[in-house]
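Residue numbers (this note's numbering): 864 to 1301.
Think of the CB as a built atom: it goes at the ideal place given N, C-alpha and C, for glycine as much as any other residue.
None of the values given here were measured: they were computed from a predicted structure.
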Ligand code: F0G
């Protein structure tokens, strides 16, 4: 069976050619997904091919996405793929964070090691490859910052024109600066993420611009490889839990699809449980999964959190995420601004670091172990979605004791580490150093 697009809705499942420029099912409006037949190779053959490609100098093989191309065979021709060597992100053992989270052991898969500093690169190389294949010349997205940085880089590398829509005043300067540097036409709109997305979807259709938000099914295909690479790195040992932040819920959808497909192919024997963590003031998916009626998501009109990456009140991929959390036996949790800030500083002290949205994972783990949902001796992988350099204002303000919630409530610098100003004086500096805790 060749690759096709399929409607995600169980009652519809309409199929469309893989080359149609559609983002929702033309019949019922449901989300779309890419579907394939089984690969020719056996499970063992695939595992060997993927492992051997790590020693190759071919650009496609060096990509942590395209190395696994048999797992996302939507392209007929790989000659125009643009790779910045995305993926290839490490699994990092973090004993201090494990202790903070109430676990014996904790491993982070750090997507902040990607070329533009976030997990978006895994999906963007695929979205841009599809744009090229379709003959598109302009691509667009609305973003809380990371998608736009990634799209700007990949589109420019591919010779496409990137057009970016941002919620004015609600993204970190690091991410905005990346978009400018990578040459994107950048429009700061005076509205929130959800409002702008509705507008950009119309604009894309009317102007023939290819939309690269995570509603684009090819981005989801690329993000599947985050979990495939993790399983390859773990020699195919399935963890008990995978913990990740939830915003627009593209990653939750991608991870769940990846595990279901790995199981179908016999690469793994069971599904890990997905734990999705949201910021308390921006938690529509948490509300949905705790509601008796899960048939409709109630959007939050004014989502609030300092973790701007996940400041989203009307997540597009909620029907997919609802299925993935349910079939994996997973859970959804919320964390406060103070919990996010302290967890972030703890991840920093492991020598690892991440941006605020990523730290929801450790804050969520701490809550879920305290509640007994995650066992102390569970095998847990948490996904750090963005690099520590993405939001330097937040980090600096926390350590200075100047960070405040959007309502103006001070966040205590429980793990604050402010710089010390000293005079140019050997004796005084010696006194300061002698006074440091050993
Ligand atoms: N973490 C980071 C650092 C993000 O940038 C995002 C999403 C998420 C987590 C949430 O992931 O949407 O797949 O549930 N950022 C998007 C953007 C929305 O525009 O960059 P999700």
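Would the region 1002-1009 and the region 1070-1088 be scored as touching if the rule is three or more Cβ pairs under 8 Å?
Result yes; three or more Cβ-Cβ pairs closer than 8 Å.
If I measure Cβ to Cβ from residue 1042 and keep anything under 7 Å in the same chain, skipping five residues before and after, which residues do I get?
Numbered from its first residue, the chain shown carries residue 1042 at position 179. Counting only Cβ-Cβ distances below 7 Å, and skipping sequence neighbours, we find 1011, 1012, 1015, 1027, 1049.
Determine the direct distance from the alpha carbon of residue 1288 to that of residue 952, and round the result to whole angstroms.
The sequence position of residue 952 within the chain shown is 89, counting from 1. The sequence position of residue 1288 within the chain shown is 425, counting from 1. Residue 952 and residue 1288: Cα-Cα distance of roughly 44 Å.
To which residues of the same chain is residue 1259 closer than 6 Å at the C-beta, ignoring the five residues directly before and after it?
Working through the chain shown from its first residue, we reach residue 1259 at position 396. Contacts found: none.
What are the residues that DSSP puts in a beta bridge with residue 1108?
As a position in the chain shown, residue 1108 is number 245, starting the count at 1. Answer is 1140.
Near residue 1057, which residues of its chain fall below 6 Å by C-beta distance, leaving aside the five closest residues on each side in sequence?
Here residue 1057 corresponds to residue number 194 of the chain shown, with the count starting at 1. Result list for residue 1057: 1176, 1177, in chain order.
In whole angstroms, what separates the C-alpha of residue 957 from that of residue 1168?
Locating residue 957 in the chain shown gives position 94, where the first residue counts as 1. Locating residue 1168 in the chain shown gives position 305, where the first residue counts as 1. Cα-Cα distance, rounded: 26 Å.
With residue 1044 as the anchor, note down where its alpha helix (DSSP H) starts and where it stops.
Here the question's residue 1044 lines up with position 181 in the chain shown. Counting along the chain, the alpha helix (DSSP H) containing residue 1044 begins and ends at 1036-1044.
At a cut-off of 7 Å, is residue 1172 close to the ligand MG when judged by its beta-carbon and the heavy atoms of the ligand?
In terms of ligand content, the structure shown lacks the ligand MG and carries the ligand F0G instead.
In the structure shown, what three-state DSSP assignment does residue 1030 receive?
Indexing the chain shown from 1 puts residue 1030 at position 167. Here residue 1030 sits in strand by DSSP.
Are the CB atoms of residue 1256 and residue 1219 within a distance shorter than 8 Å?
The residue you call residue 1219 lines up with position 356 of the chain shown. The residue you call residue 1256 lines up with position 393 of the chain shown. No; because the gap between Cβ atoms is not below 8 Å, this pair is not in contact.
The alpha helix (DSSP H) with residue 1251 in it runs from where to where?
Here residue 1251 is taken as the residue at index 388 of the chain shown, counted from 1. Premise fails: residue 1251 is in no alpha helix (DSSP H) and is neither H nor E.
In three-state DSSP terms, what is residue 875?
What you label residue 875 is simply residue 12 of the chain shown in a count that begins at 1. Of the three classes helix, strand and coil, the one that applies to residue 875 here is coil, per DSSP.
Just to confirm, does residue 1234 get its C-beta within under 7 Å of one of the non-hydrogen atoms of the ligand F0G?
The sequence position of residue 1234 within the chain shown is 371, counting from 1. Residue 1234 Cβ: outside cutoff for every heavy atom of the ligand F0G.
Would you call the CB atoms of residue 964 and residue 1229 closer than 8 Å?
By 1-based counting over the chain shown, the position of residue 964 is 101. By 1-based counting over the chain shown, the position of residue 1229 is 366. Yes, the pair counts as a contact, with Cβ atoms nearer than the cut-off.
What are the residues that DSSP puts in a beta bridge with residue 956?
Position 93 of the chain shown, counted from the first residue, corresponds to residue 956. Answer by DSSP bridge pairing, in chain order: 970.
Is residue 1035 near the ligand F0G, judged by its Cβ being under 7 Å from some heavy atom?
Sequence index remark: in the chain shown, residue 1035 carries index 172 (1-based). The answer is no for residue 1035.
I need the DSSP call for residue 1001, collapsed to helix, strand or coil.
Working through the chain shown from its first residue, we reach residue 1001 at position 138. Note: residue 1001 maps to strand in three-state DSSP.
Am I right that residue 1264 and residue 1282 are in contact with their C-beta atoms under 8 Å? What's the rounded C-beta distance?
Taking the first residue of the chain shown as position 1, residue 1264 is located at position 401. Taking the first residue of the chain shown as position 1, residue 1282 is located at position 419. No, residue 1264 and residue 1282 are not in contact; Cβ-Cβ is about 12 Å, not under 8 Å.
From residue 907 to residue 1156, what does the alpha carbon distance come to, in whole angstroms?
Locating residue 907 in the chain shown gives position 44, counting from the first residue. Locating residue 1156 in the chain shown gives position 293, counting from the first residue. The straight-line gap from Cα to Cα measures roughly 43 Å.
With three or more beta-carbon pairs closer than 8 Å as the criterion, would you say the region 918-933 touches the region 1133-1145?
The answer is no - the region 1133-1145 does not touch the region 918-933, with fewer than three Cβ pairs under 8 Å.
Note down, in chain order, each residue of its chain lying with its Cβ closer than 8 Å to the Cβ of residue 874, except the 5 sequence neighbours on either side.
Position 11 of the chain shown holds residue 874. Cβ within range, chain order: 891.
Mind reading off the beta-carbon distance from residue 1104 to residue 1241? Whole number of angstroms is fine, and I expect it under 8 Å.
Within the chain shown, numbered from 1, the residue matching residue 1104 stands at position 241. Within the chain shown, numbered from 1, the residue matching residue 1241 stands at position 378. Right, the Cβ-Cβ distance comes to about 6 Å (below 8 Å), so this counts as a contact.
Could you give the DSSP three-state label for residue 1025: helix, strand or coil?
Position 162 of the chain shown, counted from the first residue, corresponds to residue 1025. It is a strand residue.
Heavy atom of the ligand F0G less than 7 Å from the Cβ of residue 1220, yes or no?
Translated into the one-based positions of the chain shown, residue 1220 becomes position 357. Within the cutoff, so yes.
Return the CA-CA distance between residue 868 and residue 1182, expressed in angstroms with no decimal places.
Indexing the chain shown from 1 puts residue 868 at position 5. Indexing the chain shown from 1 puts residue 1182 at position 319. Taking the straight line from one Cα to the other gives about 17 Å.
Output the boundary residues of the beta strand (DSSP E) element that contains residue 897.
In the chain shown, counting from the first residue as 1, residue 897 sits at position 34. First-last of the beta strand (DSSP E) with residue 897: 895-898.
When we look at the beta-carbon of residue 1036 and count the other beta-carbons within 10 Å, is it buried (16 or more) or exposed?
Taking the chain shown and counting its residues from 1, one reaches residue 1036 at position 173. The residue is exposed, with fewer than 16 neighbouring Cβ atoms inside 10 Å.
Taking Cβ positions, are residue 1115 and residue 1188 nearer each other than 8 Å?
In the chain shown, counting from the first residue as 1, residue 1115 sits at position 252. In the chain shown, counting from the first residue as 1, residue 1188 sits at position 325. Yes.
Quick one, which of 900, 966, 938 has its alpha-carbon nearest residue 1232's?
Position 369 of the chain shown, counting from 1, holds the residue named residue 1232. Comparing Cα positions, the closest option is 966.
Inspect the beta-carbon positions of residue 982 and residue 1086 and report whether they are closer than 8 Å.
Counted from its first residue, the chain shown places residue 982 at position 119. Counted from its first residue, the chain shown places residue 1086 at position 223. Yes, the Cβ-Cβ distance between residue 982 and residue 1086 is below 8 Å.
For residue 898 and residue 1101, I'd like the C-alpha separation in whole angstroms.
Mapped onto the chain shown, residue 898 falls at position 35. Mapped onto the chain shown, residue 1101 falls at position 238. When rounded, the distance between both Cα atoms is 23 Å.
I'd like the list of long-range same chain contacts for residue 1274, defined as Cβ closer than 7 Å, with 5 residues on each side in sequence excluded.
To locate residue 1274, count along the chain shown from 1; it is residue 411. Hits under 7 Å: 1200, 1201, 1204, 1261, 1266, 1267, 1268.
What runs of the alpha helix (DSSP H), each 4 residues or longer, lie entirely inside the region 1176-1239?
For the region 1176-1239, whole alpha helix (DSSP H) runs of length 4 or above, ordered along the chain, are 1181-1190, 1200-1212, 1219-1233.
Restricting to Cα atoms, I'd like to know which of 1291, 1252, 1044, 1226 is closest to residue 962.
If you number the chain shown from 1, residue 962 lands on position 99. For the residues 1291, 1252, 1044, 1226, the minimum Cα distance to residue 962 belongs to 1226.
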